[in-house]
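To keep things clear, I will list the structure first and then write my remarks on it.
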Ligand SMILES: Nc1ncnc2c1ncn2[C@@H]1O[C@H](COP(=O)(O)OP(=O)(O)OP(=O)(O)O)[C@@H](O)[C@H]1O
Ligand SMILES: [Mg+2]
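Protein chains in written order, with our numbering: chain A, 26 to 618; chain B, 16 to 381.
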């Protein structure tokens with residue numbers, strides 16, 4: 026056979042090789058980061074549960090199952106997480122619904138309050154509840170002055186206070202997750218149903234509600250998984266009987282230094298999370314987690330019994346709602362407007378959601394400590410805050426770590442997002458699951474794993490360690506927001522620019538970046554804010570002296586509840602409000618241009 | 016005369032200061048195919064949603080079959096609406112989509128299935144019952160939307176640009192389908208479109224809208240050949256619009272003098288009363304203008320040929336009037352051969368018959 030000239034197929038192979046290399050380079054930083062600072066430390070921690078200094082041993086597990094204590098703590102954890110999830114989703118649904126159907130201006134207002142709560146530090150919000158529910162707090166003052174009770178009641182340190190704090194902490198997350206799905210529901214569908222003869226209740230329950238279910242499911246799993254790994258609220262607002270599983274891990278690491286046992290608890294926690302995810306996947310399909318595609322159940326072939334029962338329930342709900350609505354007289358009102366009771370409910374919840382942090386403001390200027398009502402006016406607490414070098418250092422450090430995290434997450438996350446959106450490769454689903462894994466693995470496990478690893482390579486107490494740790498937990502959000510941004514970007518614009526003579530760099534500079542700018546900015550802010558409010562990793566990795574702001578806050582709150590903290594809370598709250606306001610302005614400007 | 020199926024009286028809608036629909040009255044007899052035509056933003060969708068009950072009017076009333084339904088919700092109006100984007104329920108099968116309105120009317124499950132199958136038969140898609148909307152092509156989804164609307168036999172069907180998203184061929188097929196169904200079921204159809212040709216071929220009457228009001232309502236031929244306003248003449252098809260003044264009237268026929276002393280001639284009135292001395296615009300359709308080569312003053316106007324366009328069956332001549340102050344003119348005739356006898360720059364004699372020139376009173380005239 027005659028030798029072929031250097032064929033075009035060889036050139037095509039070379040080009041393909043180059044393309045593969047390019048892809049690998051785009052994904053490599055993220056993969057390396059997650060392998061080194063997620064998979065390795067978490068794996069090591071899990072291994073520690075069976076592999077101690079004395080070799081293989083199941084002692085940790087024996088200890089775990091020997092006493093009913095740990096089993097009970099797990100049960101409490103599940104119970105709190107379950108009720109938190111139900112209340113957050115059920116309470117958040119009307120809010121997300123109202124936001125999704127509101128006019129643009131109204132939407133911006135409603136969304137501002139949700140975002141403000143979402144971004145206000147968990148610590149600030151939990152601290153606020155201590156003040157509100159305390160014996161000399163707002164609620165007791167209100168109840169006694171209304172004459173409902175004679176002596177202040179014990180409202181703190183019980184199941185109720187933990188639940189209030191947890192729901193308050195996680196409802197914004199539920200709302201935003203559901204909103205992402207609801208925004209994509211075609212608004213003509215319920216109207217079409219009404220022209221076909223469906224009354225409002227039926228149109229809602231049989232058309233809108235089934236279409237919003239993917240959002241409900243995604244919100245439920247996000248809230249549940251976050252709740253199960255939470256420790257701030259139960260630690261600050263709960264009593265001994267509300268101890269959650271993550272608090273046990275903290276105790277093991279910080280007090281008894283029992284790594285093996287911490288590892289065993291982590292394994293238990295991870296298993297529970299895994300079971301939850303498997304159940305979720307069986308029922309709804311994991312791809313619905315990101316809220317981008319409908320869950321399997323909603324689009325599966327209508328099959329037999331389960332489907333008919335669901336349908337019957339929805340029909341019944343529709344009928345009942347329609348009967349209730351029919352009781353109220355119908356005026357000449359516009360059918361497009363949401364019903365008044367709904368609007369009232371939403372505003373009440375939104376006020377309750379924002380009020381705790383807002384109440385910190387008058388308290389921080391009061392001279393009477395943290396008792397309600399505030400007395401006098403003083404700047405003393407602010408002066409103390411500014412005079413103390415620890416707060417200033419903590420702030421500097423948090424800003425530094427936040428900026429570092431933002432930059433590093435963008436550098437690592439953006440190419441990966443490009444690859445996931447534009448690249449045509451196999452295993453995209455697996456890659457995405459890997460990228461999202463830092464959200465799924467309870468933060469506490471990552472934190473303890475990193476602590477163990479950092480301790481041995483001397484990264485504890487360094488800014489670099491914190492930046493790395495925070496990047497691991499922030500990068501999934503960056504990838505997700507950047508993917509959304511890139512999906513909406515019309516790549517033909519790049520081609521158009523190139524056809525007009527722009528070289529790749531010029532295209533990037535004059536076309537791509539200006540258009541993507543707002544999206545990149547919000548990704549960056551997301552990463553920054555995640556780091557700025559991060560406590561779990563900082564709790565261990567920032568060491569004793571180089572605390573970040575949340576760590577400093579935590580140390581102070583667990584030591585004593587002082588008005589200085591109210592001053593710090595106020596500053597943080599105002600800072601976040603300004604940031605959200607500025608980000609919104611930025612977004613509007615980029616939309617307008 | 017057939018009974019009136021839909022009556023709209025003084026219906027108006029404002030958004031803040033902006034008037035989306037000025038007080039509008041309309042009477043649609045049962046079984047009519049009425050098309051709402053007009054430029055973007057002229058209030059077609061607004062009128063349709065007021066009729067459907069998807070928006071509440073600021074004044075006026077809507078009657079269906081004689082009953083006042085102005086403030087009744089959509090689900091009590093017994094009408095059907097085909098949305099521009101089809102609005103099929105993505106979480107239901109085609110069958111469930113079509114059976115939905117029957118269920119809302121408490122029709123039994125077996126009966127509903129039977130009638131859904133019949134409706135599918137009618138739109139010629141009996142095999143897709145178990146599929147989901149996203150498993151159908153655009154044209155098929157369109158037909159399902161139609162079937163969902165037909166299945167409960169509403170007395171009125173509203174369609175908002177139902178064929179907007181389809182390609183030309185599918186569009187024409189669907190036009191025939193809709194016409195056939197309209198004939199077979201004898202329902203009243205109110206149809207919104209941007210497409211003039213579609214409006215001309217499908218409608219019993221056309222309601223031409225502009226800036227929130229009805230500009231003219233009548234049979235397609237009326238609108239085309241007897242436009243009431245310059246806007247109508249300009250909007251429907253191509254036209255030559257020449258400013259003129261009436262010098263004398265004799266019944267339907269008018270003597271006119273073209274502006275700038277370009278010449279005199281005769282025109283017919285569009286039905287509106289016109290007095291001598293009134294300023295008018297004379298409309299002549301391009302296909303009614305004849306051109307001749309040596310310029311001998313025997314025609315109505317002289318024009319210099321600026322451009323020639325052969326659009327398949329038609330040859331169009333673009334001419335500049337020799338008299339200043341007149342707009343450019345278009346003449347058209349069936350293309351006879353590839354090489355045309357007229358050259359760019361030629362001076363030509365333009366002529367038309369009095370019966371083809373329609374005088375339209377200028378807006379400020381009354
Ligand atoms: N909700 C609203 N708020 C404010 N203005 C509106 C609203 N809905 C419609 N309008 C305005 O009312 C006018 C009429 O709108 P309508 O939708 O009826 O036009 P249309 O004739 O259907 O146009 P198109 O052919 O583009 O669909 C438009 O100028 C539109 O901007
Ligand atoms: Mg419209």
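Just so it is clear, CB atoms sit at the ideal spot from N, CA and C, and this is done for glycine as well.
#1: Quick check on the DSSP output: what are the complete alpha helix (DSSP H) runs of length 4 or more inside the stretch 111-145 of chain A, in order along the chain?
#2: Is it buried or exposed for residue 154 (chain B), if we count other Cβ within 10 angstroms and need 16 for buried?
#3: Grab me the residues of residue 551 (chain A)'s own chain with a C-beta within less than 8 Å of its C-beta, minus the 5 sequence neighbours each way, in chain order.
#4: Taking 6 Å as the cut-off, is the C-beta of residue 60 (chain B) nearer than that to any heavy atom in ligand 2?
#5: In angstroms, rounded to a whole number, what distance separates the CA positions of residue 526 (chain A) and residue 537 (chain A)?
#6: Please find out if some non-hydrogen atom of ligand 1 comes closer than 6 Å to the beta-carbon of residue 57 (chain B).
#7: Any heavy atom of ligand 4 closer than 6 Å to the Cβ of residue 535 (chain A)?
#8: To be precise: take each residue of the stretch 234-254 of chain A, compare its Cβ to all Cβ atoms of chain B, and keep it if any distance is under 9 Å. Which residues remain?
#9: Using alpha carbons as the reference points, say which of A:276, A:52, A:286 and A:231 lies closest to residue 78 (chain A).
#10: Could you name each continuous beta strand (DSSP E) segment of 3 residues or more that falls completely within the stretch 286-314 of chain B, going from the start of the chain to the end?
#11: What does residue 211 (chain A) touch in chain B if you count any residue whose Cβ is under 9 Å from its own?
#12: On the DSSP bridge assignment, give the partners of residue 68 (chain B) in chain order.
#13: Is residue 30 (chain B) near ligand 1, judged by its Cβ being under 6 Å from some heavy atom?
#14: Check whether chain A comes within 7 Å of residue 33 (chain B), counting only Cβ atoms and requiring the distance to be less than that.
#15: Does the beta carbon of residue 335 (chain A) sit closer than 7 Å to a beta carbon anywhere in chain B?
#16: Does the beta-carbon of residue 226 (chain B), which I'm using as the reference point, lie nearer than 6 Å to any heavy atom of ligand 1?
#17: Identify the contact partners of residue 232 (chain A) in chain B, using a Cβ-Cβ distance below 7 Å as the criterion.
#18: Any C-beta of chain B sitting closer than 7 Å to the C-beta of residue 220 (chain A)?
#19: Against chain A, with Cβ distances strictly below 7 Å, would residue 30 (chain B) count as a contact?
#20: Would you call the stretch 369-384 of chain A and the stretch 192-199 of chain A in contact, with 3 or more CB pairs under 8 Å?
#21: In or out: residue 111 (chain B) buried (at least 16 other Cβ within 10 Å) or exposed?
#22: Is the shortest distance between the beta-carbon of residue 217 (chain A) and the beta-carbons of chain B less than 7 Å?
#23: Whole-angstrom Cβ separation of residue 140 (chain A) and residue 605 (chain A), contact assumed at under 8 Å?
#24: Can you tell me which residues form a DSSP beta bridge with residue 78 (chain B)?
#25: Could you check if residue 207 (chain B) is buried or exposed, using at least 16 other CB atoms within 10 Å of its CB as the buried criterion?
#26: For chain A, is any of its Cβ atoms less than 7 Å away from the one on residue 67 (chain B)?
#27: Closer than 6 Å by C-beta to residue 469 (chain A): which residues in its own chain qualify, once you throw out the five before and the five after it? Chain order, please.
#28: What residue range does the alpha helix (DSSP H) around residue 227 (chain A) cover?
#29: Kindly provide the ranges of any alpha helix (DSSP H) runs that are 4 or more residues long and lie completely inside the stretch 224-288 of chain B, ordered along the chain.
#30: Taking the DSSP output, what are the residues bridged to residue 28 (chain B)?
#31: Between residue 206 (chain A) and residue 259 (chain A), which are expected to be in contact by the criterion C-beta below 8 Å, what is the C-beta distance as a whole number of angstroms?
#32: Starting from the beta carbon of residue 223 (chain A), find every residue of chain B whose beta carbon is closer than 7 Å, and list them in chain order.
#33: Can you have a look at residue 176 (chain A) and say buried or exposed, based on whether 16 or more other CB atoms are within 10 angstroms of its CB?
#34: Any residues in the stretch 54-81 of chain B with a beta carbon nearer than 9 Å to a beta carbon of chain A? Which ones, in chain order?
#35: Residue 21 (chain B): which of B:116, B:243 and B:169 sits nearest, CA to CA?
#36: Are three or more beta carbon pairs between the stretch 355-362 of chain B and the stretch 278-295 of chain B nearer than 8 Å?
On the basis of the supplied data:
#1: Fully enclosed alpha helix (DSSP H) runs of 4 or longer: 129-144.
#2: buried
#3: 499, 502, 503 and 506
#4: yes
#5: 15 Å
#6: yes
#7: Only ligand 1 and ligand 2 can be found as ligands here, which leaves ligand 4 out of the picture.
#8: 235, 236 and 238
#9: With distances taken between Cα atoms, residue 78 (chain A) lies closest to A:286.
#10: 294-299 and 305-307
#11: 100, 102 and 105
#12: None; residue 68 (chain B) has no bridge partner.
#13: yes
#14: no
#15: no
#16: Outside the cutoff, so no.
#17: 104
#18: yes
#19: no
#20: yes
#21: buried
#22: yes
#23: 5 Å
#24: B:22 and B:83
#25: buried
#26: yes
#27: If we look at residue 469 (chain A) and ignore the five residues flanking it on each side, its Cβ neighbours are 254, 271, 274 and 561.
#28: That run of the alpha helix (DSSP H) goes 225-228.
#29: 235-240 and 245-250
#30: B:36
#31: With 8 Å as the limit, residue 206 (chain A) and residue 259 (chain A) do not qualify as a contact, their Cβ atoms being about 30 Å apart.
#32: 90 and 119
#33: With a 10 Å radius around the Cβ and a threshold of 16 neighbouring Cβ atoms, residue 176 (chain A) comes out exposed.
#34: Under the 9 Å Cβ criterion, the stretch 54-81 of chain B contributes 64, 67, 68, 69, 70 and 71.
#35: The residue with the shortest Cα to Cα distance from residue 21 (chain B) is B:169.
#36: no
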